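Heads up, the thing below is written out as structure tokens.
There are 2 protein chains.
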Amino acid sequence: MASEPRRVLHDMFEAAVAAASPSLCLPRFLPKPPKGRTVVVGAGKAAAAMASTVEKHWQGPLEGLVVTRYGHGAPCERIEVIEAAHPVPDLSGLEAAQRILDKVRGLAPEDLVLCLMSGGASSLLALPAEGIALEDKQAINRSLLRSGAHIGEMNCVRKHLSAIKGGKLAVAAAPARVVSLIISDVPGDDLSVIGSGPTVPDMTTRADAIAVLEKYRIEAPRSVIRHLEATQAQTSKFGNSSFANVANVCVARPQDAMEAAARIAHDAGFRPLILGNAIEGEARDVALVHAGIARQVAAFGQPIELPCALISGGETTVTVRGSGRGGRNAEFLLSLAVALNGQSGIAALAADTDGIDGSEDNAGAFLLPDTISRAAKAGLNLNASLANNDAYTIFAGLDDLLVTGPTRTNVNDFRAILVYERS
Amino acid sequence: MASEPRRVLHDMFEAAVAAASPSLCLPRFLPKPPKGRTVVVGAGKAAAAMASTVEKHWQGPLEGLVVTRYGHGAPCERIEVIEAAHPVPDLSGLEAAQRILDKVRGLAPEDLVLCLMSGGASSLLALPAEGIALEDKQAINRSLLRSGAHIGEMNCVRKHLSAIKGGKLAVAAAPARVVSLIISDVPGDDLSVIGSGPTVPDMTTRADAIAVLEKYRIEAPRSVIRHLEATQAQTSKFGNSSFANVANVCVARPQDAMEAAARIAHDAGFRPLILGNAIEGEARDVALVHAGIARQVAAFGQPIELPCALISGGETTVTVRGSGRGGRNAEFLLSLAVALNGQSGIAALAADTDGIDGSEDNAGAFLLPDTISRAAKAGLNLNASLANNDAYTIFAGLDDLLVTGPTRTNVNDFRAILVYERS
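Chains as they are written, first to last, in the working numbering: chain F, 3 to 425; chain D, 3 to 425.
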């Protein structure tokens with residue numbers, strides 16, 4: 003069993019990512035080509051891979067523009083791929099968003115807009131509503147990211163400060179038909195939340211957006227407050243009729259990734275148990291609960307008999323208090339390491355399916371039964387590093403990072419804990 | 003199903019408490035009476051009930067003194083029962099601890115000390131080591147309780163500041179035989195942690211205690227620091243030979259309570275799934291994970307098919323930031339309520355098996371599918387109350403508190419979530 007758990011965990015992660023890979027999940031959802039033009043637009047960490055898949059399978063003429071995160075690009079022949087900043091938007095994303103809006107305007111009823119959306123699109127499609135400075139929108143976005151607000155709350159604010167989100171892209175594309183193909187990275191696969199729903203009617207209100215800013219004590223300039231009041235009047239004009247010619251289709255979900263990983267675990271002899279595909283909460287506390295469940299397996303064979311694989315997905319949050327390095331998956335794993343304190347027969351992986359944990363170069367990391375003893379030998383202080391949000395440094399020091407590079411898709415975080423020895 | 007879930011949850015809680023009730027779990031562990039005297043000592047929320055059970059089943063002479071929390075007492079005939087403050091120690095506990103130490107000193111080898119330990123004993127057996135003022139020990143204890151430190155960390159510090167904990171009671175009782183009957187309320191049922199192990203050799207070090215104080219930035223007076231240095235030398239003198247005549251026996255564990263509740267759920271038609279008997283973490287985040295699992299059941303029939311009962315135990319922590327009322331179980335439940343946002347077909351209970359959630363008069367509370375809508379009607383703002391640590395006020399306002407009074411036992415928190423409708 004010595005090196006086996008690490009290999010199984012790695013295989014599970016690869017299967018999870020593959021389940022959401024555009025080349026595998028997208029083709030069967032492609033609509034028939036229209037009589038008129040087909041304009042492909044899109045945004046997200048999977049945008050380049052989705053565009054490339056569309057090109058490969060599309061019968062007929064094609065043009066368009068998608069925006070993805072720096073490093074997540076891949077050349078396409080007919081669709082232009084632009085790279086931009088994530089999670090804090092930059093001018094490149096701003097320009098791409100403006101060009102996307104321009105591209106879908108003035109189309110005819112026989113034209114088709116094929117919209118390719120995936121996780122990260124919220125930041126990448128950053129076009130402030132009229133009257134709002136990009137700097138103000140960026141500042142608020144930075145504050146949101148550090149506030150501990152969850153993705154739904156962040157997107158609510160973003161929608162109301164945007165010229166393209168919350169259904170405004172679909173409104174701009176009318177009277178053309180719009181088909182959005184969406185890879186979900188949000189709890190419950192709510193399509194209005196993914197990329198802040200550029201083709202989905204906005205059901206949130208100005209009051210919701212202001213409530214989020216107040217909840218996390220985020221100061222907004224007067225121009226933003228003024229706009230939030232105007233937005234309300236504007237969105238209410240949309241009505242549902244604007245969306246009669248719009249189809250929003252989910253092509254891959256976190257659940258699909260969990261199930262794929264579960265099959266790998268099963269084939270490797272570990273009973274899979276999917277705890278949830280949308281587990282939220284502060285990363286270090288989410289880890290404590292996972293540790294408690296893993297210990298229960300080892301001690302009592304509950305909630306499932308070992309050898310088993312506990313699987314969960316969803317996006318944890320990190321309330322940054324220290325000055326260290328590392329994304330939420332590394333922080334989860336470090337907290338898990340401290341809680342399990344070297345208990346034998348437990349190994350784990352936590353990684354972002356997009357290949358990038360936070361803003362580092364790793365997808366995630368491995369926790370092995372000897373992590374604690376190797377850390378002690380290396381003079382690494384796990385408690386201090388956890389307090390300083392410095393998990394990356396620990397796992398880098400132990401050579402236990404999982405580095406994949408951008409996977410060009412995103413179905414959120416993936417966590418797996420193998421328990422294979424009774425305590 | 004309308005009123006059914008609440009009744010089932012209530013029955014599950016009662017079964018959990020009954021499984022740890024001294025009258026049911028204690029008698030079969032009683033040793034044979036000795037040739038010499040039998041001195042009963044003890045501390046904890048179950049002390050009076052344990053003493054009463056011993057009196058009922060003991061053959062032969064008996065004398066002694068136990069200390070329990072205010073309101074948890076019950077009259078005994080031969081064993082004196084003293085009430086004292088918890089979780090912050092007071093003079094009554096101090097005096098009781100001193101008298102307990104005096105009672106076990108000077109016994110003979112043919113005498114027996116019957117020590118009855120249960121949760122809460124750490125605070126109730128508060129006798130500062132020589133040279134430490136009670137006020138200093140109390141101040142540190144208060145800081146620990148508000149720091150977010152977990153019970154193991156708190157007890158490590160308490161042991162090193164105590165004249166009776168960390169094995170010192172057993173050392174005082176030598177050469178008499180010592181039998182400790184212990185109701186566990188700690189993760190992994192580590193007997194050295196329960197009541198800070200008055201009859202268990204102390205394996206923690208001065209450095210551990212100082213590390214806890216530093217981790218949570220708790221300032222300690224110079225007398226405490228000076229003592230912590232001296233303690234180390236003192237405990238190392240004990241050796242294992244002092245404990246050759248000591249038996250520490252666990253008579254009830256959180257796991258027993260979980261299993262008893264699981265049987266009730268099963269009989270009521272809900273598949274029980276015990277997630278863990280020792281789940282730790284910040285209460286509101288532990289709730290988010292539970293919410294994620296409950297939603298997964300409702301959406302996908304994972305990790306178990308509905309109708310089901312998700313069961314967990316252990317002690318969460320609350321890092322107090324607001325000024326509201328409520329213990330950790332109410333806070334857990336309020337966070338769960340906010341996360342589930344009125345999802346139908348999910349009901350839950352979170353309560354302390356000792357009958358007192360924190361320092362309020364309730365054991366815990368119920369969450370029902372209509373909690374959100376009733377709260378809205380009553381003008382209660384759940385998000386604001388959660389931010390203000392004011393969960394008690396919410397559940398009191400909804401008439402959804404669970405009030406049992408002191409149960410006179412303690413196997414830590416009990417949480418159950420019934421999921422009975424597919425989403």
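Cβ atoms here follow ideal geometry from the backbone N, Cα and C, with glycine treated the same way. Bear in mind the structure is a predicted one, so any value in this text is a computation, not a measurement.
CB of residue i within 8 angstroms of CB of residue j, strictly
i	j	result
Q304 of chain F	I276 of chain D	yes
L404 of chain D	G347 of chain D	no
T321 of chain D	A48 of chain D	no
F1 of chain D	G315 of chain D	Residue coverage of chain D in this structure runs from 3 to 425, which leaves residue 1 of chain D outside it and unanswerable.
E282 of chain F	G108 of chain D	no
H292 of chain F	L312 of chain F	yes
R327 of chain D	E362 of chain D	yes
S145 of chain D	I227 of chain D	no
G150 of chain D	K161 of chain D	no
I374 of chain D	L336 of chain D	no
A2 of chain D	V159 of chain D	Outside the shown range of chain D, which is 3 to 425, sits residue 2 of chain D, and nothing can be said about it.
F334 of chain F	A352 of chain F	yes
G38 of chain D	L147 of chain D	no
M156 of chain D	A418 of chain D	no
V106 of chain D	I184 of chain D	no
N383 of chain D	V340 of chain D	no
Chain C contact for residue i (CB, 8 angstroms cutoff)
i	result
G38 of chain D	Absent here is chain C; the protein component of the structure consists of chains F and D.
Rounded separation between residue i and residue j - CA only
i	j	result
A99 of chain D	L127 of chain D	5 angstroms
G360 of chain F	Y394 of chain F	10 angstroms
D269 of chain D	L193 of chain D	33 angstroms
Q236 of chain F	D401 of chain D	Caution applies to Q236 of chain F, whose pLDDT of 49 falls short of 50 and renders its modelled position unreliable; the value that the coordinates give is listed next. Distance between the alpha carbons of Q236 of chain F and D401 of chain D: 42 angstroms.
S94 of chain D	A87 of chain D	7 angstroms
S387 of chain F	H74 of chain F	30 angstroms
H229 of chain D	Q298 of chain D	52 angstroms
N250 of chain F	D191 of chain F	12 angstroms
K379 of chain F	A21 of chain D	44 angstroms
S25 of chain F	S54 of chain F	8 angstroms
T207 of chain F	L369 of chain F	43 angstroms
S23 of chain F	E284 of chain D	36 angstroms
L420 of chain D	A262 of chain D	16 angstroms
P223 of chain F	H12 of chain D	51 angstroms
A141 of chain F	M205 of chain D	51 angstroms
N390 of chain D	W60 of chain F	55 angstroms
T70 of chain F	L163 of chain D	58 angstroms
E65 of chain F	P91 of chain F	25 angstroms
T266 of chain D	T409 of chain D	The amino acid at residue 266 of chain D is misidentified as Thr; the sequence shows Ile. Between I266 of chain D and T409 of chain D, the C-alpha separation is close to 19 angstroms.
G271 of chain D	D258 of chain F	30 angstroms
R424 of chain F	R179 of chain D	34 angstroms
P7 of chain F	G324 of chain D	44 angstroms
D356 of chain D	K139 of chain F	50 angstroms
E112 of chain D	A18 of chain D	38 angstroms
A246 of chain D	P177 of chain D	10 angstroms
A110 of chain D	G62 of chain D	17 angstroms
T318 of chain D	V248 of chain F	47 angstroms
E16 of chain F	N143 of chain F	31 angstroms
P77 of chain F	R9 of chain F	32 angstroms
Expected contact under 8 angstroms - CB spacing of residue i and residue j to nearest Å
i	j	result
E79 of chain D	L67 of chain D	With 8 angstroms as the limit, E79 of chain D and L67 of chain D do not qualify as a contact, their Cβ atoms being about 13 angstroms apart.
L118 of chain F	V42 of chain F	7 angstroms
L96 of chain F	A174 of chain F	That belief does not hold up - the Cβ atoms of L96 of chain F and A174 of chain F are roughly 16 angstroms apart, past 8 angstroms.
S186 of chain D	V413 of chain D	7 angstroms
V188 of chain F	L116 of chain F	The Cβ separation is near 21 angstroms, so there is no contact.
A452 of chain D	A123 of chain D	Residue 452 of chain D is absent from the structure shown; chain D starts at 3 and stops at 425.
V288 of chain F	D287 of chain D	6 angstroms
P256 of chain D	A280 of chain D	7 angstroms
A172 of chain D	S225 of chain D	About 26 angstroms separates the two Cβ atoms, so there is no contact after all.
Residue i Cβ short of 7 angstroms to the ligand GDP heavy atom set
i	result
L171 of chain D	By its list of ligands, the structure shown contains no ligand whatsoever, and the ligand GDP lies outside what it can speak to.
Three or more C-beta pairs closer than 8 angstroms, one from the stretch 185–204 of chain F and one from the stretch 131–138 of chain F: is that the case here?
no
Identify every run of the beta strand (DSSP E) within the stretch 51–124 of chain F, keeping only runs that are complete inside it and at least 3 residues long; order them along the chain.
65–71, 81–86, 114–119
Tell me the start and end of each unbroken beta strand (DSSP E) in the stretch 117–186 of chain D that is at least 3 residues and wholly inside, in chain order.
Listed in chain order, the complete beta strand (DSSP E) runs (minimum 3 residues) inside the stretch 117–186 of chain D are 179–185.
Whole alpha helix (DSSP H) elements within the stretch 206–283 of chain F, 4-residue minimum:
208–217, 224–240, 256–269
Complete alpha helix (DSSP H) runs within the stretch 12–38 of chain F (minimum length 4 residues, chain order)
24–27
Output the residue ranges of the alpha helix (DSSP H) runs that lie fully inside the stretch 286–374 of chain F and measure 4 residues or longer, sorted by chain position.
330–342
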